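Colleague: Let me begin by handing over the structure; questions about it come next.
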Amino acid sequence: MQITNGKKCIEVNNVSFSYNGQSVLENISFSVNTGDYVGLIGPNGGGKTTLIKIILGLLKPTTGTVRIFGKDIKEFKEKSLIGYVPQHVSKAVSHLPATVKEVIETGRTARIGLFKKPTKDDERAVEKAMKMVGVLHLQHRLIENLSGGELQKVFIARALAGEPKILILDEPNVGVDLASQEQFYNFLQKLNQEFGLTILFVSHDIDIISCEVKCLLCLNKNLIYHGLPEEFLTREYIEKLYGKKVKFIFHRH
Amino acid sequence: MLEIFQFDFMIRAFIAGTAIAITAPVVGIFLVVRRYALMADTLAHIAFLGVVAGFLMNISPFIAMIGTSLISVFCIEKLRTSKRLAGDSLLALFLSGSLAVATVLISVFGGFNLNLFSFLFGSITTVMLSELFIIMPLCLSVIFIILMLYKELFFISLNEELAEANGIKTNILNTLIVVLAAFSVVVSIKIVGALLIGALMVIPVLAAIQFKRGFKSTIVLSIIFSLLSVLLGIFLSYYLGIASGGAIVVVALFLFLLSVFLNRNKK
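Residue numbers (the numbering used here), protein chains in the order written: chain W, 1 to 253; chain F, 1001 to 1267.
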């Protein structure tokens, strides 16, 4: 697939979603261009994960459509072009006896296709992903023996092994200390700038993410803001998102 | 040559036993890691109902078992996806429900000449030559399908949502695992018995997991434990004159305890 920068790679049109009669998302429309680095923020329960699942085709919107590289998500077959790092990976997989390498290889599974065996190209992509994320030395370790941060990296490597064009990260645990946070954000910057990966980063941490991303989406059932992070950092929007009584202290890194 | 190999029925038991020993843990591991271990027991009880129903309708127990299993798998999956009942309640319902129906059928139409004890606890003398022609192709097909779909099955075991997001057909694969489990139960029931087949599919896998290896190595280890259990179990059954299912599962249990002991220092 030919991909040029600046073209729309994710288009969300009038998407609404309700669950058991309760409205979770209302009339969401936006688009993401190739090469963008987009932060999706909003309070817990604001529908961030639901929106991501709709973009991935895991949930069907009640109304509206999603297009990926111009194709309706229902007909979009090259799903491995979207690398996805879900929330709470550590809880989900701890029971499985599997090595780091075995987990990262699943990033190729869909690309290889049914009844086919991995080729040298697949092995190379897996190794490259492990090197990029810095988990090559962990490849023979069992995933149950990893720390939360290491497991996070493994799942990012898994997503990268599929050689995606879009990377979607749902509230990654970015590490407890500032040094590892910074390292993590630098890594995402590198993926975006050097490798041209389009990134959609979900977080409830407005503070840090707004310093990192090129474009900010704020979601609380409705799309409250879509634009440059600098403009968002005015009181008006933050009050709209979190209510009047919240006091914000911004750290500039 | 050992006396044990002079009997045709023993040779048949060993051939069938080997095939079953390889098939059971290969399917079992996918049930265990998906927290679906009780599925094997449920399918075994359903298969037992099939045996009874097949006898009453005068059809081959294998055909009857496959029939009842497939119908039940279809119902279980329908109920599971409708989210009317939680997975474990669903299994409990089918497990005891099918045994209840089987017991009622046996009581009402009692006095038939069916060796129920051997179907419940397994027997090495009951495998006929004609049945080997059913058991072997079924075992080979189950193993072949798992080999062909190994990477997809591993993927959904890792995380179903991720697999689905990559466009893997998780619903079909989920049903497939259960159907393959049903076939493994059907081929094993004569030697291992309905009440104990679940144990053969699960215990060697649990023993292998103690060694803290990757997924592929865990499968290989579980096949080794399963082979040891079945072959030693058949020997014990012959020389001590005990039901083969019990003997096999007791060996498996011993291997499990040994595995726990050997790996007690791994965290």
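Each residue gets a CB set at the ideal place from its N, CA and C atoms; glycine is no exception.
Everything numeric in this text was worked out from a predicted model, so none of it was measured.
If you scan the segment 1145-1219 of chain F from start to end, which runs of the alpha helix (DSSP H) of 4 or more residues do you find wholly inside it?
Modeller: Here the runs fully enclosed are 1150-1158, 1160-1165, 1170-1192, 1197-1209.
Colleague: Going along chain W in order, which residues have a C-beta closer than 7 Å to the C-beta of R1213(F)?
Modeller: The answer, in chain order, is P97.
Colleague: Please list, in chain order, the chain B residues whose beta carbon lies closer than 9 Å to that of F232(W).
Modeller: Among the protein chains of the structure shown, namely W and F, there is no chain B.
Colleague: Determine which residues of the segment 1148-1169 of chain F have a Cβ less than 8 Å from any Cβ of chain W, and write them out in chain order.
Modeller: Listed by position along the chain: M1148, L1149, K1151, E1152, F1154, F1155, S1157, L1158, N1159, E1161, L1162, A1163, E1164, A1165, N1166, G1167, I1168.
Colleague: Against V1142(F), what residues of chain W qualify as contacts under a CB-to-CB distance less than 9 Å, listed in chain order?
Modeller: Neighbours of V1142(F) on chain W: none; closest Cβ ~16 Å, over 9 Å.
Colleague: Hey, does T1218(F) have any beta-carbon neighbour from chain W nearer than 8 Å?
Modeller: Chain W, which has a Cβ nearer than 8 Å to the Cβ of T1218(F), makes this yes.
Colleague: Against I112(W), what residues of chain F qualify as contacts under a CB-to-CB distance less than 9 Å, listed in chain order?
Modeller: Per Cβ cutoff of 9 Å: K1151.
Colleague: Check whether the segment 127-142 of chain W touches the segment 156-171 of chain W, taking contact to mean three or more Cβ pairs, one atom from each stretch, closer than 8 Å.
Modeller: Yes, the segment 127-142 of chain W touches the segment 156-171 of chain W.
Colleague: Taking the Cβ atom as the reference point for each residue, do G39(W) and S203(W) lie within a distance shorter than 8 Å?
Modeller: Cβ distance < 8 Å, so G39(W) and S203(W) count as in contact.
Colleague: Pop quiz: L1255(F) and F1225(F) are said to be a contact at Cβ under 8 Å. What is the actual Cβ separation, rounded to whole angstroms?
Modeller: Between F1225(F) and L1255(F) the Cβ distance is about 5 Å, and since that is below 8 Å, they are a contact.
Colleague: Taking C-alpha atoms, which residue in K101(W), E163(W), P43(W) lies nearest to L151(W)?
Modeller: The shortest Cα separation from L151(W) among K101(W), E163(W), P43(W) belongs to K101(W).
Colleague: Output the distance between the C-alpha atoms of A1013(F) and V1127(F), rounded to the nearest integer angstrom.
Modeller: Rounded to whole angstroms, A1013(F) to V1127(F) spans 6 Å at the Cα level.
Colleague: Would DSSP call M1(W) helix, strand or coil?
Modeller: No answer about M1(W) holds up, because its pLDDT of 48 lies below 50 and its placement is not dependable.
Colleague: For a contact meaning CB atoms closer than 7 Å, what does I1209(F) contact in chain W?
Modeller: Ordered by position in chain W, the residues that pass the 7 Å Cβ test against I1209(F) are P97.
Colleague: Quick one: which chain W residues come within Cβ less than 7 Å of V1033(F)?
Modeller: Chain W residues near V1033(F): H95, L96.
Colleague: Give every residue of the same chain whose Cβ lies closer than 7 Å to the Cβ of F1005(F), excluding the five residues on either side of it in the sequence, and list them in chain order.
Modeller: Taken in chain order, the residues that qualify are I1011.
Colleague: Would you call the CB atoms of S1259(F) and F1215(F) closer than 8 Å?
Modeller: Their beta carbons are not under 8 Å apart, which means S1259(F) does not touch F1215(F) by this criterion.
Colleague: Near I1219(F), what residues of its chain come up, given a Cβ to Cβ distance below 8 Å and the 5 sequence neighbours on each side ignored?
Modeller: The answer, listed in chain order, is P1025, V1026, I1029, A1208.
Colleague: Taking G39(W) as part of the beta strand (DSSP E), name the residues at either end of that continuous run.
Modeller: Run containing G39(W): 37-41, per the beta strand (DSSP E) assignment.
Colleague: Cα separation between L1303(F) and G1198(F)?
Modeller: Outside the modelled stretch of chain F, which goes from 1001 to 1267, sits residue 1303(F), for which no answer is possible.
Colleague: At least one CB of chain F closer than 8 Å to the CB of Y84(W): is that the case?
Modeller: True, the Cβ-Cβ gap to chain F drops below 8 Å.
Colleague: Whole angstroms is fine: what's the gap from E1003(F)'s alpha carbon to L1120(F)'s?
Modeller: Distance between the alpha carbons of E1003(F) and L1120(F) is about 27 Å.
Colleague: Do you know whose CA, among T1018(F), H1045(F), L1227(F), V1205(F), lies nearest G1193(F)'s CA?
Modeller: Nearest of T1018(F), H1045(F), L1227(F), V1205(F) to G1193(F), Cα basis: H1045(F).
Colleague: Measuring only the C-alpha atoms, how far is R111(W) from L197(W)?
Modeller: Approximately 18 Å between the Cα atoms of the pair.
Colleague: Pull up the distance between the alpha-carbon of I1156(F) and that of Y19(W), whole angstroms please.
Modeller: Taking the straight line from one Cα to the other gives about 25 Å.
Colleague: Are G1087(F) and G1067(F) touching if we call contact CB-CB under 8 Å?
Modeller: In this structure, G1067(F) does not lie closer than 8 Å to G1087(F) by Cβ.
Colleague: Can you confirm whether S147(W), when its beta carbon is compared against all beta carbons of chain F, has any partner nearer than 8 Å?
Modeller: Not closer than 8 Å to any Cβ of chain F, the Cβ of S147(W) fails to qualify, so no.
Colleague: What is the DSSP secondary structure of L51(W), reduced to helix, strand or coil?
Modeller: It is helical.
Colleague: Using a Cβ-Cβ distance cut-off of 8 Å, determine whether T282(W) contacts chain F.
Modeller: The requested residue 282(W) is not part of the displayed model; chain W covers only 1 to 253.
Colleague: Less than 8 Å between CB atoms is the rule here; does K77(W) satisfy it with respect to chain F?
Modeller: Answer yes: the Cβ-Cβ gap between K77(W) and chain F drops below 8 Å somewhere.
Colleague: Please name the residue, chosen from T1125(F), L1173(F), L1228(F), that lies closest to I1238(F) on a Cα-to-Cα basis.
Modeller: Correcting the residue identity first, residue 1238(F) is Tyr in this sequence and not Ile. Comparing Cα-Cα distances from Y1238(F) to each of T1125(F), L1173(F), L1228(F), the minimum goes to T1125(F).
Colleague: What's the C-alpha gap between D205(W) and K190(W)?
Modeller: When rounded, the distance between both Cα atoms is 21 Å.
Colleague: I want to verify the contact list: residues of chain F whose CB lies under 7 Å from the CB of V103(W), in sequence order.
Modeller: Result: L1158.
Colleague: Starting from F201(W), follow the beta strand (DSSP E) in both directions and report where the run begins and ends.
Modeller: Run containing F201(W): 198-203, per the beta strand (DSSP E) assignment.
Colleague: Quick check on T119(W) - is its C-beta less than 8 Å from some C-beta in chain F?
Modeller: T119(W) does not count as touching chain F.
Colleague: How about the segment 221-236 of chain W and the segment 1139-1157 of chain F: do they share at least three Cβ pairs that are nearer than 8 Å?
Modeller: Not touching, per the Cβ criterion.
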